[in-house]
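Each residue of the sequence shown is one higher than the one before, starting from 8 at the first, in our numbering.
Think of the CB as a built atom: it goes at the ideal place given N, C-alpha and C, for glycine as much as any other residue.
Since the structure is predicted, the reported quantities are computational estimates derived from the model, not experimental observations.
As C-alpha coordinates, the structure follows; a few thoughts come after it.
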Amino acid sequence: MKVKLKVESKWLELERKSMSKMKQSYEAWEQETLKKAKDASDLRDLRKVFYELGDRWEFNQATGAWLAGSEPLDTIGFILRMPGLKPNKERYVVYAVMAYSKGLTDQFDHLGDKERIIVERDVKTGHLQGWSTTGHGSMDLFPTDLTKFGTLENILNSCNLNAQPGDHALRLEVPATSGLISSMSKKLWDIAGGTKSFHTKEIDVLSADDIEESLDFKFYRYAAAVVELDKIWRHLTGSSVEWAKERVMDKIPDHIEERDRETLRKIEGLLHILWFKPAFMQNKPIEVVYEELQAEPTPTETQRTLLPLIGEIAYALTDIVEKGKYLKWKSVIDRKSFSKSDVFKGLDLNNLMREAFAAALEDILKEHTLAYIGYPERSTMTGKIMRVILGSIILPVRVIASFVETIRRQLRKLFQKEEIESSSEEGEEDAATSEEISDSS
8 MKVKLKVESK WLELERKSMS KMKQSYEAWE QETLKKAKDA SDLRDLRKVF YELGDRWEFN
68 QATGAWLAGS EPLDTIGFIL RMPGLKPNKE RYVVYAVMAY SKGLTDQFDH LGDKERIIVE
128 RDVKTGHLQG WSTTGHGSMD LFPTDLTKFG TLENILNSCN LNAQPGDHAL RLEVPATSGL
188 ISSMSKKLWD IAGGTKSFHT KEIDVLSADD IEESLDFKFY RYAAAVVELD KIWRHLTGSS
248 VEWAKERVMD KIPDHIEERD RETLRKIEGL LHILWFKPAF MQNKPIEVVY EELQAEPTPT
308 ETQRTLLPLI GEIAYALTDI VEKGKYLKWK SVIDRKSFSK SDVFKGLDLN NLMREAFAAA
368 LEDILKEHTL AYIGYPERST MTGKIMRVIL GSIILPVRVI ASFVETIRRQ LRKLFQKEEI
428 ESSSEEGEED AATSEEISDS S
(Lines of atoms letter the chains of each structure in order from A; the text may use other names.)
(Lines give C-alpha, C1' and ligand atoms only; values in the text may rest on other atoms or scores of the structure.)
Protein backbone atom coordinates (compact mmCIF):
# COMPACT_ATOMS: atom_id res chain seq x y z
CA MET A 8 0.00 0.00 0.00
CA LYS A 9 1.25 3.47 -0.93
CA VAL A 10 0.62 6.48 1.29
CA LYS A 11 1.62 10.11 0.75
CA LEU A 12 3.92 11.48 3.45
CA LYS A 13 4.27 15.25 3.74
CA VAL A 14 7.16 16.86 5.63
CA GLU A 15 8.26 20.47 5.90
CA SER A 16 11.24 20.96 3.59
CA LYS A 17 13.41 22.57 6.26
CA TRP A 18 13.65 19.20 8.01
CA LEU A 19 14.87 17.61 4.79
CA GLU A 20 17.63 20.22 4.51
CA LEU A 21 18.51 19.88 8.18
CA GLU A 22 18.79 16.12 7.84
CA ARG A 23 20.93 16.39 4.71
CA LYS A 24 23.39 18.71 6.48
CA SER A 25 23.39 16.54 9.58
CA MET A 26 24.01 13.41 7.52
CA SER A 27 27.03 15.08 5.92
CA LYS A 28 28.53 15.97 9.32
CA MET A 29 27.78 12.53 10.73
CA LYS A 30 29.38 10.88 7.72
CA GLN A 31 32.62 12.75 8.33
CA SER A 32 32.52 11.78 11.99
CA TYR A 33 31.74 8.15 11.16
CA GLU A 34 34.55 7.87 8.61
CA ALA A 35 37.02 9.29 11.13
CA TRP A 36 35.81 6.77 13.77
CA GLU A 37 36.02 3.93 11.25
CA GLN A 38 39.58 4.76 10.22
CA GLU A 39 40.70 5.15 13.83
CA THR A 40 39.11 1.81 14.82
CA LEU A 41 40.64 -0.03 11.87
CA LYS A 42 44.06 1.44 12.64
CA LYS A 43 43.83 0.29 16.27
CA ALA A 44 42.87 -3.20 15.13
CA LYS A 45 45.72 -3.38 12.61
CA ASP A 46 48.24 -2.11 15.16
CA ALA A 47 47.26 -4.80 17.67
CA SER A 48 50.31 -6.98 18.34
CA ASP A 49 48.38 -9.92 19.76
CA LEU A 50 44.88 -11.10 20.69
CA ARG A 51 45.07 -9.35 24.05
CA ASP A 52 45.51 -5.97 22.36
CA LEU A 53 42.74 -6.81 19.89
CA ARG A 54 40.40 -7.69 22.78
CA LYS A 55 41.22 -4.34 24.34
CA VAL A 56 40.09 -2.63 21.13
CA PHE A 57 36.72 -4.42 21.29
CA TYR A 58 36.30 -3.51 24.97
CA GLU A 59 36.89 0.13 24.12
CA LEU A 60 34.18 -0.04 21.46
CA GLY A 61 31.67 -1.17 24.09
CA ASP A 62 27.96 -0.80 23.52
CA ARG A 63 28.48 1.86 20.86
CA TRP A 64 29.66 -0.76 18.39
CA GLU A 65 26.20 -1.79 17.18
CA PHE A 66 24.96 1.81 17.12
CA ASN A 67 27.93 3.04 15.09
CA GLN A 68 27.67 0.11 12.69
CA ALA A 69 23.97 0.84 12.14
CA THR A 70 24.77 4.53 11.67
CA GLY A 71 27.36 3.69 9.04
CA ALA A 72 24.91 1.53 7.12
CA TRP A 73 22.28 4.25 7.34
CA LEU A 74 24.66 6.91 6.05
CA ALA A 75 25.80 4.70 3.19
CA GLY A 76 22.42 3.43 2.01
CA SER A 77 19.77 5.95 3.02
CA GLU A 78 18.28 9.16 1.73
CA PRO A 79 16.92 11.94 3.94
CA LEU A 80 13.41 11.14 5.16
CA ASP A 81 13.46 7.48 4.16
CA THR A 82 10.27 6.20 5.76
CA ILE A 83 8.35 2.95 6.06
CA GLY A 84 4.89 2.51 7.53
CA PHE A 85 3.03 -0.42 9.04
CA ILE A 86 -0.35 -1.06 10.67
CA LEU A 87 -1.12 -2.84 13.94
CA ARG A 88 -4.68 -4.11 14.44
CA MET A 89 -6.25 -4.37 17.89
CA PRO A 90 -9.73 -4.50 19.45
CA GLY A 91 -11.62 -1.45 20.64
CA LEU A 92 -12.63 -1.00 24.26
CA LYS A 93 -16.33 -1.26 23.37
CA PRO A 94 -18.19 -4.12 21.64
CA ASN A 95 -18.04 -4.26 17.83
CA LYS A 96 -15.11 -1.83 17.71
CA GLU A 97 -11.62 -2.44 16.35
CA ARG A 98 -8.65 -0.13 16.08
CA TYR A 99 -5.81 0.33 13.62
CA VAL A 100 -2.59 2.04 14.63
CA VAL A 101 -0.69 3.38 11.62
CA TYR A 102 3.00 3.81 12.46
CA ALA A 103 5.47 5.77 10.34
CA VAL A 104 9.13 4.93 11.03
CA MET A 105 11.27 7.84 9.87
CA ALA A 106 15.03 7.84 9.46
CA TYR A 107 15.51 11.54 10.16
CA SER A 108 15.78 11.03 13.92
CA LYS A 109 19.11 9.35 13.33
CA GLY A 110 20.40 12.46 11.64
CA LEU A 111 19.20 14.90 14.28
CA THR A 112 20.53 13.20 17.41
CA ASP A 113 22.80 10.37 18.44
CA GLN A 114 20.58 9.46 21.41
CA PHE A 115 18.52 6.96 19.40
CA ASP A 116 19.56 3.30 19.37
CA HIS A 117 17.32 2.34 16.47
CA LEU A 118 17.04 3.22 12.80
CA GLY A 119 14.25 5.75 13.01
CA ASP A 120 11.74 7.71 15.01
CA LYS A 121 8.23 6.25 15.36
CA GLU A 122 5.01 8.25 15.29
CA ARG A 123 1.43 7.08 14.84
CA ILE A 124 -2.23 7.81 14.16
CA ILE A 125 -5.18 5.77 15.46
CA VAL A 126 -8.30 4.86 13.48
CA GLU A 127 -11.29 3.13 15.10
CA ARG A 128 -14.01 1.32 13.12
CA ASP A 129 -17.43 0.13 14.22
CA VAL A 130 -17.72 -3.26 12.50
CA LYS A 131 -21.55 -3.09 12.55
CA THR A 132 -22.27 0.49 11.49
CA GLY A 133 -19.08 1.16 9.53
CA HIS A 134 -18.49 4.39 11.46
CA LEU A 135 -14.85 5.50 11.31
CA GLN A 136 -13.03 8.05 13.43
CA GLY A 137 -9.37 8.92 13.78
CA TRP A 138 -6.94 10.58 16.18
CA SER A 139 -3.67 12.19 15.09
CA THR A 140 -0.63 12.68 17.32
CA THR A 141 -0.79 16.26 18.61
CA GLY A 142 2.76 16.26 19.96
CA HIS A 143 5.24 14.16 21.92
CA GLY A 144 3.09 11.04 21.62
CA SER A 145 -0.14 12.62 22.89
CA MET A 146 -3.24 12.10 20.78
CA ASP A 147 -5.89 14.62 19.72
CA LEU A 148 -8.55 15.38 22.31
CA PHE A 149 -11.34 15.09 19.75
CA PRO A 150 -11.53 12.51 16.93
CA THR A 151 -12.05 13.32 13.26
CA ASP A 152 -15.05 11.70 11.54
CA LEU A 153 -13.73 9.56 8.67
CA THR A 154 -16.88 7.52 7.91
CA LYS A 155 -17.25 8.91 4.38
CA PHE A 156 -14.07 7.09 3.30
CA GLY A 157 -15.57 3.69 4.07
CA THR A 158 -12.36 1.77 4.78
CA LEU A 159 -8.93 2.32 6.28
CA GLU A 160 -7.36 1.76 2.86
CA ASN A 161 -9.48 4.55 1.34
CA ILE A 162 -8.54 6.84 4.22
CA LEU A 163 -4.82 6.31 3.62
CA ASN A 164 -5.20 6.59 -0.17
CA SER A 165 -7.22 9.83 0.06
CA CYS A 166 -5.39 11.65 2.85
CA ASN A 167 -1.82 12.76 3.51
CA LEU A 168 0.27 11.84 6.51
CA ASN A 169 1.93 15.03 7.74
CA ALA A 170 5.07 14.37 9.80
CA GLN A 171 6.00 17.20 12.18
CA PRO A 172 9.49 16.46 13.59
CA GLY A 173 9.53 19.60 15.73
CA ASP A 174 6.40 18.48 17.58
CA HIS A 175 7.22 14.76 17.42
CA ALA A 176 3.83 14.30 15.79
CA LEU A 177 2.12 12.63 12.85
CA ARG A 178 -1.10 14.16 11.54
CA LEU A 179 -3.72 12.85 9.16
CA GLU A 180 -4.54 15.58 6.64
CA VAL A 181 -8.15 15.11 5.50
CA PRO A 182 -9.17 16.86 2.23
CA ALA A 183 -12.58 17.86 3.62
CA THR A 184 -14.25 17.17 6.94
CA SER A 185 -17.80 17.18 8.29
CA GLY A 186 -18.85 18.45 11.68
CA LEU A 187 -18.16 21.82 13.30
CA ILE A 188 -15.21 20.75 15.48
CA SER A 189 -13.48 18.79 12.70
CA SER A 190 -13.96 21.61 10.16
CA MET A 191 -12.65 24.26 12.56
CA SER A 192 -9.71 22.06 13.51
CA LYS A 193 -8.79 21.53 9.86
CA LYS A 194 -8.94 25.26 9.11
CA LEU A 195 -6.77 26.07 12.12
CA TRP A 196 -4.18 23.44 11.18
CA ASP A 197 -4.14 24.83 7.63
CA ILE A 198 -3.44 28.27 9.10
CA ALA A 199 -0.80 26.77 11.39
CA GLY A 200 0.97 25.40 8.33
CA GLY A 201 1.42 28.94 7.01
CA THR A 202 3.15 29.28 3.65
CA LYS A 203 5.91 26.84 4.46
CA SER A 204 7.52 24.70 1.80
CA PHE A 205 6.69 20.99 2.02
CA HIS A 206 8.23 17.87 0.55
CA THR A 207 5.76 15.11 -0.37
CA LYS A 208 6.69 11.56 -1.24
CA GLU A 209 4.97 8.18 -1.42
CA ILE A 210 5.92 5.63 1.20
CA ASP A 211 5.14 1.93 1.46
CA VAL A 212 2.92 0.76 4.30
CA LEU A 213 2.66 -2.86 5.45
CA SER A 214 -0.97 -3.75 6.14
CA ALA A 215 -2.28 -5.43 9.29
CA ASP A 216 -2.76 -8.63 7.28
CA ASP A 217 0.89 -8.51 6.21
CA ILE A 218 1.96 -8.20 9.84
CA GLU A 219 -0.37 -10.90 11.20
CA GLU A 220 -0.29 -13.46 8.39
CA SER A 221 3.01 -13.11 6.52
CA LEU A 222 5.10 -12.36 9.63
CA ASP A 223 2.88 -14.26 12.11
CA PHE A 224 3.10 -11.26 14.47
CA LYS A 225 -0.17 -11.65 16.41
CA PHE A 226 -0.37 -8.32 18.19
CA TYR A 227 -4.18 -8.37 18.00
CA ARG A 228 -4.31 -11.56 20.09
CA TYR A 229 -2.18 -9.99 22.83
CA ALA A 230 -4.19 -6.73 22.94
CA ALA A 231 -7.50 -8.64 22.90
CA ALA A 232 -6.39 -10.80 25.83
CA VAL A 233 -5.53 -7.71 27.91
CA VAL A 234 -8.82 -5.98 27.02
CA GLU A 235 -10.76 -9.14 27.95
CA LEU A 236 -9.02 -9.49 31.33
CA ASP A 237 -9.72 -5.81 32.04
CA LYS A 238 -13.41 -6.28 31.17
CA ILE A 239 -13.81 -9.39 33.34
CA TRP A 240 -11.97 -7.76 36.25
CA ARG A 241 -14.30 -4.75 36.12
CA HIS A 242 -17.30 -7.09 36.03
CA LEU A 243 -16.03 -9.13 38.99
CA THR A 244 -15.20 -6.13 41.14
CA GLY A 245 -18.56 -4.51 40.36
CA SER A 246 -20.09 -2.16 42.91
CA SER A 247 -20.56 -2.49 46.66
CA VAL A 248 -24.29 -3.07 46.08
CA GLU A 249 -23.57 -6.02 43.77
CA TRP A 250 -21.11 -7.47 46.30
CA ALA A 251 -23.71 -7.20 49.08
CA LYS A 252 -26.37 -8.76 46.86
CA GLU A 253 -24.13 -11.72 45.95
CA ARG A 254 -23.24 -12.24 49.59
CA VAL A 255 -26.93 -12.43 50.61
CA MET A 256 -28.18 -14.43 47.63
CA ASP A 257 -25.26 -16.85 47.24
CA LYS A 258 -24.20 -16.80 50.89
CA ILE A 259 -20.53 -16.45 50.02
CA PRO A 260 -18.42 -17.44 53.06
CA ASP A 261 -16.24 -14.69 54.50
CA HIS A 262 -12.97 -16.53 53.84
CA ILE A 263 -13.91 -17.11 50.16
CA GLU A 264 -14.87 -13.47 49.77
CA GLU A 265 -11.55 -12.37 51.28
CA ARG A 266 -9.57 -14.65 48.95
CA ASP A 267 -11.44 -13.25 45.96
CA ARG A 268 -10.79 -9.69 47.04
CA GLU A 269 -7.10 -10.40 47.45
CA THR A 270 -6.98 -12.06 44.04
CA LEU A 271 -8.78 -9.13 42.40
CA ARG A 272 -6.34 -6.69 44.01
CA LYS A 273 -3.47 -8.66 42.45
CA ILE A 274 -5.22 -8.58 39.08
CA GLU A 275 -5.65 -4.82 39.46
CA GLY A 276 -1.89 -4.49 39.98
CA LEU A 277 -1.23 -6.77 37.02
CA LEU A 278 -3.54 -4.72 34.80
CA HIS A 279 -1.60 -1.59 35.76
CA ILE A 280 1.54 -3.28 34.45
CA LEU A 281 -0.21 -4.53 31.29
CA TRP A 282 -1.50 -1.06 30.41
CA PHE A 283 1.41 1.10 31.52
CA LYS A 284 4.58 -0.98 31.12
CA PRO A 285 6.18 -2.02 27.80
CA ALA A 286 5.62 -5.62 26.72
CA PHE A 287 9.28 -6.55 27.37
CA MET A 288 8.73 -5.81 31.09
CA GLN A 289 5.55 -7.86 31.57
CA ASN A 290 6.60 -11.50 31.44
CA LYS A 291 7.72 -11.90 35.05
CA PRO A 292 4.69 -10.27 36.75
CA ILE A 293 2.32 -12.34 34.61
CA GLU A 294 4.23 -15.50 35.43
CA VAL A 295 4.08 -14.80 39.18
CA VAL A 296 0.29 -14.22 39.23
CA TYR A 297 -0.38 -17.20 36.94
CA GLU A 298 1.69 -19.60 39.07
CA GLU A 299 0.00 -18.41 42.25
CA LEU A 300 -3.46 -19.07 40.86
CA GLN A 301 -2.41 -22.37 39.32
CA ALA A 302 -0.99 -23.55 42.67
CA GLU A 303 -4.30 -22.97 44.50
CA PRO A 304 -5.43 -26.40 45.81
CA THR A 305 -9.09 -25.32 46.07
CA PRO A 306 -9.57 -22.35 43.73
CA THR A 307 -12.65 -20.18 44.04
CA GLU A 308 -15.02 -19.56 41.14
CA THR A 309 -13.39 -16.16 40.60
CA GLN A 310 -9.91 -17.69 40.49
CA ARG A 311 -11.05 -20.38 38.05
CA THR A 312 -12.46 -17.65 35.81
CA LEU A 313 -9.27 -15.57 35.84
CA LEU A 314 -6.68 -18.34 35.39
CA PRO A 315 -7.28 -19.08 31.66
CA LEU A 316 -7.45 -15.35 30.89
CA ILE A 317 -4.01 -14.77 32.41
CA GLY A 318 -2.71 -17.88 30.68
CA GLU A 319 -3.88 -16.49 27.32
CA ILE A 320 -2.08 -13.20 27.98
CA ALA A 321 1.10 -15.05 28.95
CA TYR A 322 1.04 -17.08 25.73
CA ALA A 323 0.19 -14.15 23.45
CA LEU A 324 2.81 -11.90 25.08
CA THR A 325 5.58 -14.50 24.83
CA ASP A 326 4.67 -15.03 21.19
CA ILE A 327 5.01 -11.38 20.12
CA VAL A 328 8.09 -10.72 22.26
CA GLU A 329 9.95 -13.71 20.86
CA LYS A 330 8.80 -12.93 17.33
CA GLY A 331 9.97 -9.32 17.70
CA LYS A 332 13.41 -10.47 18.87
CA TYR A 333 13.61 -13.04 16.09
CA LEU A 334 12.72 -10.58 13.32
CA LYS A 335 15.31 -8.09 14.60
CA TRP A 336 17.95 -10.84 14.77
CA LYS A 337 17.08 -12.19 11.33
CA SER A 338 17.21 -8.74 9.75
CA VAL A 339 20.80 -8.33 10.98
CA ILE A 340 22.25 -11.87 10.87
CA ASP A 341 20.32 -13.31 7.92
CA ARG A 342 19.71 -10.10 6.00
CA LYS A 343 19.31 -11.72 2.59
CA SER A 344 16.66 -14.19 3.71
CA PHE A 345 14.81 -11.54 5.70
CA SER A 346 14.71 -9.10 2.78
CA LYS A 347 13.10 -11.77 0.59
CA SER A 348 10.19 -12.32 2.99
CA ASP A 349 6.72 -12.46 1.42
CA VAL A 350 5.71 -9.43 3.46
CA PHE A 351 7.96 -7.21 1.32
CA LYS A 352 6.76 -8.46 -2.07
CA GLY A 353 5.63 -5.62 -4.32
CA LEU A 354 7.07 -2.96 -2.02
CA ASP A 355 9.80 -0.54 -3.10
CA LEU A 356 12.00 -0.79 -0.01
CA ASN A 357 15.76 -0.74 0.32
CA ASN A 358 17.44 -3.11 2.78
CA LEU A 359 17.88 -0.41 5.38
CA MET A 360 14.16 0.37 5.42
CA ARG A 361 13.40 -3.32 5.91
CA GLU A 362 15.81 -3.41 8.82
CA ALA A 363 14.23 -0.24 10.22
CA PHE A 364 10.85 -1.98 10.16
CA ALA A 365 12.17 -4.97 12.13
CA ALA A 366 13.93 -2.70 14.59
CA ALA A 367 10.77 -0.63 15.05
CA LEU A 368 8.64 -3.67 15.90
CA GLU A 369 11.06 -4.71 18.62
CA ASP A 370 11.46 -1.14 19.88
CA ILE A 371 7.70 -0.72 20.24
CA LEU A 372 7.64 -3.76 22.52
CA LYS A 373 10.58 -2.33 24.49
CA GLU A 374 9.49 1.31 24.73
CA HIS A 375 5.75 1.77 24.12
CA THR A 376 2.99 0.74 26.50
CA LEU A 377 -0.31 -0.71 25.32
CA ALA A 378 -2.16 2.40 26.53
CA TYR A 379 0.28 4.60 24.60
CA ILE A 380 0.06 2.54 21.41
CA GLY A 381 -3.68 2.39 20.91
CA TYR A 382 -5.70 3.28 24.00
CA PRO A 383 -5.13 6.92 25.03
CA GLU A 384 -8.24 6.81 27.25
CA ARG A 385 -6.39 4.25 29.39
CA SER A 386 -3.48 6.62 29.99
CA THR A 387 -2.15 7.39 33.45
CA MET A 388 -3.33 10.61 35.09
CA THR A 389 -0.06 12.25 34.08
CA GLY A 390 -0.59 11.10 30.50
CA LYS A 391 -4.14 12.45 30.47
CA ILE A 392 -3.01 15.81 31.84
CA MET A 393 -0.24 16.03 29.24
CA ARG A 394 -2.74 15.13 26.53
CA VAL A 395 -5.02 17.99 27.59
CA ILE A 396 -2.13 20.44 27.87
CA LEU A 397 -0.51 19.52 24.56
CA GLY A 398 -3.87 19.27 22.81
CA SER A 399 -4.75 22.75 24.06
CA ILE A 400 -1.41 24.48 23.51
CA ILE A 401 0.32 23.14 20.39
CA LEU A 402 -2.26 24.24 17.81
CA PRO A 403 -2.69 27.80 19.19
CA VAL A 404 1.09 28.18 19.47
CA ARG A 405 1.55 27.07 15.86
CA VAL A 406 -1.24 29.40 14.68
CA ILE A 407 0.34 32.36 16.54
CA ALA A 408 3.79 31.46 15.19
CA SER A 409 2.38 31.30 11.66
CA PHE A 410 0.67 34.68 12.15
CA VAL A 411 3.89 36.26 13.47
CA GLU A 412 5.85 34.82 10.54
CA THR A 413 3.28 36.24 8.10
CA ILE A 414 3.63 39.72 9.69
CA ARG A 415 7.43 39.48 9.53
CA ARG A 416 7.28 38.42 5.91
CA GLN A 417 5.04 41.38 5.03
CA LEU A 418 7.33 43.78 6.92
CA ARG A 419 10.39 42.42 5.10
CA LYS A 420 8.64 42.96 1.77
CA LEU A 421 7.69 46.49 2.83
CA PHE A 422 11.23 47.35 3.91
CA GLN A 423 12.69 45.85 0.71
CA LYS A 424 10.23 47.91 -1.34
CA GLU A 425 11.18 51.10 0.52
CA GLU A 426 14.88 50.35 0.01
CA ILE A 427 14.35 49.85 -3.70
CA GLU A 428 12.34 53.09 -3.98
CA SER A 429 14.96 54.95 -1.95
CA SER A 430 17.75 53.63 -4.14
CA SER A 431 15.77 54.59 -7.21
CA GLU A 432 15.22 58.15 -5.92
CA GLU A 433 18.91 58.51 -5.06
CA GLY A 434 19.77 57.31 -8.56
CA GLU A 435 17.43 59.90 -10.09
CA GLU A 436 18.92 62.68 -7.93
CA ASP A 437 22.45 61.69 -8.96
CA ALA A 438 21.39 61.70 -12.61
CA ALA A 439 19.78 65.16 -12.22
CA THR A 440 22.92 66.50 -10.54
CA SER A 441 25.08 65.13 -13.36
CA GLU A 442 22.88 66.82 -15.93
CA GLU A 443 23.10 70.17 -14.10
CA ILE A 444 26.89 69.93 -14.00
CA SER A 445 26.97 69.14 -17.73
CA ASP A 446 24.72 72.12 -18.54
CA SER A 447 26.84 74.56 -16.52
CA SER A 448 29.95 73.33 -18.30
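Asked	Found
Are the Cβ atoms of V104 and I124 separated by less than 8 Å?	no
Determine the extent of the alpha helix (DSSP H) in which V56 is found, giving its start and end residues.	50-60
Return the CA-CA distance between L356 and D211, expressed in angstroms with no decimal places.	8 Å
Tell me whether the stretch 161-177 and the stretch 138-153 touch, counting them as touching only if at least three CB pairs, one residue from each stretch, are closer than 8 Å.	yes
Taking 6 Å as the limit between beta carbons, can you name the residues of its chain near L159, skipping five residues before and five after?	Y99, V126
In this structure, how does DSSP classify L111 when only helix, strand and coil are distinguished?	Caution applies to L111, whose pLDDT of 39 falls short of 50 and renders its modelled position unreliable; the model cannot decide the point.
Give me, in chain order, the residues of the same chain whose beta-carbon lies closer than 7 Å to that of D113; leave out the 5 immediate sequence neighbours on both sides.	Because D113 sits at a pLDDT of 43, beneath the cut-off of 50, its placement in the model cannot be relied upon, and the point is left open.
F224 by DSSP, collapsed to three states: which one?	coil
May I have the straight-line CA-CA distance separating G157 from G133, to the nearest angstrom?	7 Å
In the DSSP assignment, find the beta strand (DSSP E) that holds Q171 and state where it starts and stops.	167-171
Identify the continuous beta strand (DSSP E) that holds D370 and give its terminal residues.	Here D370 belongs to no beta strand (DSSP E); instead the alpha helix (DSSP H) covers 358-374.
If you follow the alpha helix (DSSP H) that Q38 is in, where does it begin and where does it stop?	16-46
Within 8 Å, do at least three Cβ pairs link the stretch 303-316 to the stretch 332-349?	no
State the DSSP-derived secondary structure class of E298, mapped to helix, strand or coil.	helix
Taking the beta strand (DSSP E) that R123 falls in, what are its first and last residues?	120-129
Do L372 and A286 have their C-beta atoms within less than 8 Å of each other?	yes
To the nearest angstrom, report how far apart E34 and P383 are at their CA atoms.	43 Å
Per DSSP, what kind of secondary structure is M288 in: helix, strand or coil?	helix
Using 10 angstroms around the beta-carbon of T389, count the other beta-carbons present and answer buried if the total reaches 16, otherwise exposed.	exposed
Look at L324 and I293 and say whether their C-beta atoms are less than 8 Å apart.	yes
Any idea which residues DSSP pairs V10 with across the strands?	I210
Could you tell me the boundaries of the alpha helix (DSSP H) in which T307 lies?	First-last for T307: undefined, no H or E at that position.
If I measure Cβ to Cβ from R128 and keep anything under 6 Å in the same chain, skipping five residues before and after, which residues do I get?	E97, L135
Take the Cβ of A365 as the centre, count every other Cβ of all protein chains shown within 10 Å, and call the residue buried at 16 or more, exposed below.	buried
For K284, which residues in the same chain have their Cβ closer than 7 Å to its Cβ, ignoring the five residues on either side in sequence?	T376
Closest to L74 by CA distance: which of K45, E22, S346, I239 is it?	E22
Where do the N-terminal and C-terminal ends of the beta strand (DSSP E) with K352 fall, by residue?	That residue, K352, is in no beta strand (DSSP E); it is neither H nor E in DSSP.
Is the separation between the beta-carbon of L313 and that of T244 shorter than 8 Å?	no
Go through its chain and collect everything with a Cβ distance to G91's Cβ below 6 Å, but skip five positions before and after it.	E97, R98, E127
Do the stretch 214-233 and the stretch 341-360 meet, that is, are 3 or more Cβ pairs less than 8 Å apart?	yes
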